[in-house]
Amino acid sequence: MRRQHPTRRHVLKTAALGSAALMTAPYVSGVHAAGTLSLGCWDHWVPGANNTLTKLCNAWGEKNKVEVKIDYITSQGEKDKLTAAAEAQAGTGHDIMSHRDWNIQVHQRVLEPLDEVVNELIKQYGPISPVAEYLARIKGTWRGVPTTVGSQVKPCQSRFDLYQQHCGIDLRDMFPADEAKYDKAKTDKWDWDLYLSSAEQLFKAGNPVGLPMGQTSDAVDWVGALFNSFGVVMVDDKDNIRVDSPETRQALEYLKKLMAVNPSEVYAWDDAGNNRWIISGKGSGIMNPPSSWAVAKRDNPTIAEKIWHHPMPRGPKGRFVGQLPQFYGLWQFSKNKPAAKDLLLHLSRKESVAELVEASSGYDLPSFKSMYDLDTWKKVGPPLGTTFSYPPRGDEVTSIAGRPARPEVGAQIYNQAINTVMVAKFTQGNEKLDSVIKWAASELEGTLRV
Amino acid sequence: MADAVQQSWVPALAGARERAPPRSGLHRFMRRRSTLAFAMCLPLIVIIAGLVAYPALYSIYLSTLNKTQTRFIGLGNFSFLLSRDVFWMVVWQSAIFAITAVLAKALIGLITAHLVNNLPTKGQRKWRGMLLVPWVIPLALSSLGWWWLFDPTHSAFNWLIVLLGGNEIPWLSDPYWARFSVILVNVWYGAPFFLIMYLAALKSVPEQLYEAAAIDGANAWQRFVHITLPMMRNIIAITVLFSLIVTFANFDIVQIMTAGGPRNMTHVFATYAFMLGIRSGDIPLGAAVSLFMFPILAVAAVFILRGVHKRGREIG
């Protein structure tokens, strides 16, 4: 009998049909009775938020007769990343592990494909965050499921009373706690020029904005968002270094003026520095999730009730906000993969998400825009509706520093804080613009190493 | 044939049994002092092999892989590092950090040891105990305490300085002040080690030497230069070596206080390796950075230990 060799066309056709079938096929639970599942989860800073996750997991475990064990691992000192690195090297550990920001990229080779879970979620809830897709969908395969727990964006968090008093800007009118009432004529005015002029006025009034310029994520995220809104591309998706551009020069010149009206200590701030700045009552604005507002509510309630969350300023290329999603990854060495996938799907359903968002007072942000209508963001206060515009509203687009470079390259750009070091060299170190860009180009060349 | 062989050795064995002591060869082997010593050292050897040698060899292996750990690239990571400006800045900073801190610790330790040695015996123990406190507190904890004192926005030191009419100092936000701050904390933590070692050395200097020098009319400085210092040279060398190794490998202080910033200007080998290896996910490159310390320290160790050995032979 003559053996027929498959043609290229035949292979492509079969693969396309297979992919289409996977995309359209309903998710079928493969969970079997009994067995155990262990999870290494990010330790939430909101008191009680871990309990809700535990409750959801246990309820699923009881229903499916699976024993669920959860270890909550702090991100202080990157302990969660160290644990994940150790488990990946050792080939043993938890079944499911939380991965912050770029860690799915880092461990992609030892993570199980999770297309069936994420595709099912996309089918149910619509488009997913492009940042989540960029970070976890590698060569067309989802290696992580975006979590609600710990995922966040970093929009403006401002003292509306000080903006009103010193700049004559009514932030609550500009960004009301109802997206239907957003007036484009008003929101369009909120651009980086207005941000700078108001920052200058607030600085003169003795209440400067506090924008970190260290090498931690809060600094990298807001600078990344600003760079995107000016159209700065450091490395494109074809590995071309494009940092030497008019857009980069324009952004850096702008930042020179903006950093001059920030407190000088922002260059040493870690991710808690800006939180303390707004909580102290001295600062008029930062760029952060509502964690600092929540702490102010506890420690300095008179300040908390004057804080309003609202979208970032608009730049020549649009309005961008830094997003840091978290993911659940399933190790390839897991012994109970069908159960793990079923649990991940359970935790990602809107009913579970609503409970998780509520438990975190609105800090946790799902990766599906269709879930931004949850009640928590409307009813949290004081002031009532302060976190309504914490999820991206209007024309605000999520972004992450390092994109659109290949994720492996983006991870290096982000974690080595090349963008904020550039800014600090130019604004604090008073280095020449050309030499800063030359330095950045050299560092970026290093990130392209295979 | 087989029977013949058997017959030929059986009487010989029987003869040997008659001549040999009643104990077996294995028993004799086990009773040998070297065997016993080896057996007693075995737990330590296992620990060192498992927790020191294996990780060291594994990190050498890792440093020869590419970023994704899928391909052997030989010394590629090392040559890549040598071409990076930031890496050379880290080398320079690590050298400044370690050498400045060790010199300051040695000087402070020497002065304090003399002061404590000259205290009346009754109160000496109290002072010795108090001066050792920085060394006893876990470093991560004390670094956090120092970080609060240097806090960029709410520094306790600055509060005091302003209260006294001075200007605030950018302890951690200015790169040069930040370098000073991390070195200061390292000196604060490490000086007691030098103090206790030097104090022990001072106490071992024979009193007769000082008496003879006094009869010859030597003043305090001459006694220090011609008696104390030569008698302490070996202990100074060993202490400096130990401290150099520990200070070069320091991680806690820099990571807690500055995390390598501002502008990467306080990174040392360990924090830079952590940033590349763990935070950026390039474990082979991180391993290569951490291994760069090894030749530097090995060279320092060879020179210092050679000096110690030479002086030992001279005394011998």
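The listed protein sequences correspond, in order, to chains A and B.
Quick note on numbering: the first sequence equals residues 1 to 450 in our numbering.
Quick note on numbering: the second sequence equals residues 1001 to 1316 in our numbering.
A virtual CB, placed ideally from N, CA and C, is assigned to each residue, including glycine.
query                                                                                                                                                                                    : result
As a quick exercise: from B:His1114, B:Trp1177, B:Ser1059 and B:Ala1156, pick the residue whose alpha carbon is nearest that of Phe1292 (chain B).                                       : B:Ser1059
Please report whether the beta-carbon of Ser491 (chain A) lies at a distance below 8 Å from any beta-carbon of chain B.                                                                  : Since the first and last residues shown for chain A are 1 and 450, residue 491 (chain A) lies out of range.
I need the DSSP call for His1027 (chain B), collapsed to helix, strand or coil.                                                                                                          : helix
Which residue spans inside the region 89-152 of chain A form an unbroken beta strand (DSSP E) run of at least 3?                                                                         : 96-100
Are Tyr363 (chain A) and Ser292 (chain A) touching if we call contact CB-CB under 8 Å?                                                                                                   : no
In chain A, what lies closer than 9 Å to Leu1149 (chain B) by C-beta?                                                                                                                    : Under the 9 Å cutoff, chain A gives no residues; its nearest Cβ is about 13 Å from Leu1149 (chain B).
Taking C-beta pairs closer than 9 Å, name the residues in chain A that Gly1281 (chain B) reaches, listed in chain order.                                                                 : Lys81, Ala85, Trp102, Asn103, Gln105, Val106, His107, Glu408, Ala411, Gln412 and Asn415
Am I right that Val1086 (chain B) and Asn1264 (chain B) are in contact with their C-beta atoms under 8 Å? What's the rounded C-beta distance?                                            : 6 Å
Please confirm whether Pro338 (chain A) has its beta-carbon closer than 8 Å to some beta-carbon of chain B.                                                                              : no
What did DSSP end up calling Leu345 (chain A) once you bin it into helix, strand or coil?                                                                                                : helix
Give me the subset of the region 256-269 of chain A whose CB atoms are less than 8 Å from a CB atom of chain B, sorted by chain position.                                                : Pro263, Ser264, Glu265, Val266, Tyr267, Ala268 and Trp269
Do you know whose CA, among A:Lys438, A:Gln89, A:Gly315 and A:Gly206, lies nearest Leu194 (chain A)'s CA?                                                                                : A:Gly315
What distance in whole Å lies between the Cβ atoms of Leu444 (chain A) and Ile413 (chain A), which are believed to be in contact at a cut-off of 8 Å?                                    : 7 Å
On the three-state DSSP scale, how would you describe Met287 (chain A)?                                                                                                                  : strand
Starting from Ile70 (chain A) and walking both ways along the beta strand (DSSP E), at which residues does that stretch end?                                                             : Glu67 to Ile73
Between Tyr163 (chain A) and Gly394 (chain A), how many whole angstroms is the CB-CB distance? I'm expecting something under 8 Å.                                                        : Actually they are not in contact, since the Cβ atoms of Tyr163 (chain A) and Gly394 (chain A) sit about 18 Å apart, beyond 8 Å.
So, under 8 Å CB-CB, Ser1143 (chain B) and Met1257 (chain B) are touching, yes? Tell me the CB distance rounded to an integer number of Å.                                               : 6 Å
Would you call the region 1282-1291 of chain B and the region 1059-1079 of chain B touching, i.e. three or more CB-CB distances under 8 Å?                                               : yes
May I have the straight-line CA-CA distance separating Phe1248 (chain B) from Leu448 (chain A), to the nearest angstrom?                                                                 : 29 Å
Kindly indicate the opening and closing residues of the alpha helix (DSSP H) around Glu445 (chain A).                                                                                    : Leu433 to Thr447
Touch check for the region 118-136 of chain A and the region 260-275 of chain A: three-plus C-beta pairs under 8 Å?                                                                      : no
Considering only residues of the same chain and omitting the five flanking positions on each side of Leu374 (chain A), which have a CB-CB separation below 7 Å?                          : Ala354 and Val357
Identify whether Trp269 (chain A) lies in helix, strand or coil by the three-state DSSP scheme.                                                                                          : coil
Give the straight-line distance between the Cα atoms of Phe426 (chain A) and Ile437 (chain A), rounded to the nearest whole angstrom.                                                    : 9 Å
Return the CA-CA distance between Met371 (chain A) and Pro127 (chain A), expressed in angstroms with no decimal places.                                                                  : 11 Å
How long is the line joining the alpha carbons of Ile331 (chain A) and Phe1303 (chain B), rounded to whole angstroms?                                                                    : Strictly speaking, residue 331 (chain A) in this sequence is Trp, with Ile absent from that position. Distance between the alpha carbons of Trp331 (chain A) and Phe1303 (chain B) is about 48 Å.
Under the assumption that Gly322 (chain A) contacts Val153 (chain A) (Cβ atoms under 8 Å), give the Cβ distance between them as a whole number of angstroms.                             : 7 Å
Given that a residue counts as buried once 16 or more other Cβ atoms are within 10 Å of its Cβ, and exposed if not, what is Thr398 (chain A)?                                            : buried
Count the other C-beta atoms from every protein chain shown that fall within 10 angstroms of the C-beta of Thr147 (chain A), then say buried if there are 16 or more, exposed otherwise. : buried
Could you give the DSSP three-state label for Phe388 (chain A): helix, strand or coil?                                                                                                   : coil
Closer than 8 Å, CB to CB, is Lys490 (chain A) near chain B or not?                                                                                                                      : Outside the shown range of chain A, which is 1 to 450, sits residue 490 (chain A), and nothing can be said about it.
Throw me the rounded Cβ distance for the Gly329 (chain A) and Ile104 (chain A) pair, which I believe falls under 8 Å.                                                                    : 6 Å
Note down, in chain order, every chain A residue with its Cβ under 7 Å from the Cβ of Phe1080 (chain B).                                                                                 : Arg449
Please classify Ile286 (chain A) as buried or exposed, where buried requires at least 16 other C-beta atoms within 10 Å of its C-beta.                                                   : buried
What are the uninterrupted segments assigned as alpha helix (DSSP H) that are 4 or more residues long and contained completely in the region 168-252 of chain A, given in chain order?   : 171-174, 184-189, 192-204 and 217-230
What in chain A is Cβ-close to Lys1067 (chain B), meaning under 8 Å?                                                                                                                     : Glu408, Arg449 and Val450
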